[in-house]
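Worksheet: one structure, shown below.
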Amino acid sequence: MKLHYLGTAAAEGWPAMFCDCINCQRAREAKGKNYRSRPQMLIDKKLLVDFGPDTFYHMMKYDLDFSGIRHVILTHSHTDHFYSTELILRAFPYALHGNQGKMTVYGNEKCHWMFLRTLEVEDDSANMRDCVGFEEIRAFVPFEIPGYHITPLHAVHDPKEECLIYLIRDEEGKTLLYANDTGVFPEDTWQALEGIKLDCVSLDCTLGKDPTMESGHMGLQANRSVVEKLKKMDCIDDRTPVVLTHFSHNGGLLHEELEDATRKDDFLIAYDGMVLEF
Ligand SMILES: [Zn+2]
Ligand SMILES: [Zn+2]
Ligand SMILES: [Zn+2]
Numbered sequence: 000m001k002l003h004y005l006g007t008a009a010a011e012g013w014p015a016m017f018c019d020c021i022n023c024q025r026a027r028e029a030k031g032k033n034y035r036s037r038p039q040m041l042i043d044k045k046l047l048v049d050f051g052p053d054t055f056y057h058m059m060k061y062d063l064d065f066s067g068i069r070h071v072i073l074t075h076s077h078t079d080h081f082y083s084t085e086l087i088l089r090a091f092p093y094a095l096h097g098n099q100g101k102m103t104v105y106g107n108e109k110c111h112w113m114f115l116r117t118l119e120v121e122d123d124s125a126n127m128r129d130c131v132g133f134e135e136i137r138a139f140v141p142f143e144i145p146g147y148h149i150t151p152l153h154a155v156h157d158p159k160e161e162c163l164i165y166l167i168r169d170e171e172g173k174t175l176l177y178a179n180d181t182g183v184f185p186e187d188t189w190q191a192l193e194g195i196k197l198d199c200v201s202l203d204c205t206l207g208k209d210p211t212m213e214s215g216h217m218g219l220q221a222n223r224s225v226v227e228k229l230k231k232m233d234c235i236d237d238r239t240p241v242v243l244t245h246f247s248h249n250g251g252l253l254h255e256e257l258e259d260a261t262r263k264d265d266f267l268i269a270y271d272g273m274v275l276e277f
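With numbering that gives the first Met the number 0, you'll find the sequence shown wraps up at 277, consecutive numbering, no jumps.
Rendered as structure tokens:
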């Protein structure tokens with residue numbers, strides 16, 4: 000499975016558009032890996048995870064062609080993860096051949112509501128219904144798309160909707176745990192992970208050096224406790240790649256500082272454009 004981290008920031012991006020805090024100023028000076036766009040992942044060049052406001056920018060920046068994308072899975076409805084309005088671009092006249100292969104978006108009830116709102120209120124295309132479909136999904140109800148077996152799990156994030164993280168297994172049996180946005184997992188998700196062998200783990204690190212443990216996001220301390228528990232459960236071992244992503248100015252650590260702070264942990268610190276194959 001080949002992971003392409005297209006964007007690795009939280010909602011506001013980093014440097015944040017309207018922010019002049021010390022961490023945004025430091026990121027502006029350091030540039031490089033400290034310029035982070037809104038979160039999105041491309042798996043094996045064909046499965047998109049999340050559809051945020053930087054999707055178009057990602058297509059240009061990494062020289063990608065999204066016209067062949069048939070499946071998009073959404074974690075939740077927050078603006079950095081789902082910019083429903085731009086789904087109209089999949090239809091005529093924004094895309095000329097969108098009706099020749101429908102793209103299906105999978106997401107929770109709130110995302111479904113937003114999709115329907117786009118169809119009813121925002122859609123000014125000729126044929127969006129022929130070009131984009133929506134499947135409502137629920138935690139712990141697995142579904143199949145060509146090449147993948149996907150199990151949504153509960154996140155701890157926003158109580159106003161069922162936020163999801165994902166177990167994604169490909170045809171070779173390689174399994175990814177994709178876990179943002181979330182705090183330390185809830186009990187039902189731990190139970191679902193029982194007996195599952197993971198080949199890669201990708202974790203929310205929005206809070207960086209902030210030691211807050213009870214939150215809808217994680218920082219390094221929470222990341223360490225999740226990894227420790229996954230090892231105890233034999234889901235992973237010392238060689239399993241663990242990637243941290245979804246960073247924010249509120250976490251306070253620039254890319255190199257994150258690397259320094261996690262040298263003993265052997266975590267991979269994601270950056271925009273990072274590719275990882277396992
Ligand atoms: Zn987010
Ligand atoms: Zn800032
Ligand atoms: Zn969120």
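All residues carry an ideal CB built from backbone N, CA and C; glycine is no exception.
- Cys-199 carries a strand assignment under DSSP once its states are collapsed to helix, strand and coil.
- Between the alpha carbons of Phe-139 and Met-40 lies a distance of about 21 Å.
- Counting only runs of 3 or more residues that sit fully inside the segment 212-257, the beta strand (DSSP E) segments are 241-244, in chain order.
- Here the C-alpha atom of Cys-23 lies approximately 25 Å from the C-alpha atom of Asp-157.
- Boundaries for Gln-39: no alpha helix (DSSP H) harbours it, while the beta strand (DSSP E) harbouring it runs 39-42, taken from the DSSP string.
- By the Cβ-count criterion, Cys-20 is exposed, with fewer than 16 other Cβ atoms from all chains shown falling within 10 Å of its own Cβ.
- In this structure, DSSP gives Val-183 a state outside helix and strand, which the three-state scheme calls coil.
- Restricting attention to Asn-179, His-70, Lys-109 and Glu-160, the CA atom closest to the CA of Ala-269 is found in Asn-179.
- Under the criterion of beta carbons closer than 8 Å, Ser-36 and His-57 qualify as touching, at roughly 7 Å.
- Residue list for ligand 3: His-77 and Asp-180 (CB closer than 5 Å to any heavy atom, chain order).
- With fewer than 16 other beta carbons inside 10 angstroms of its own, Leu-95 counts as exposed.
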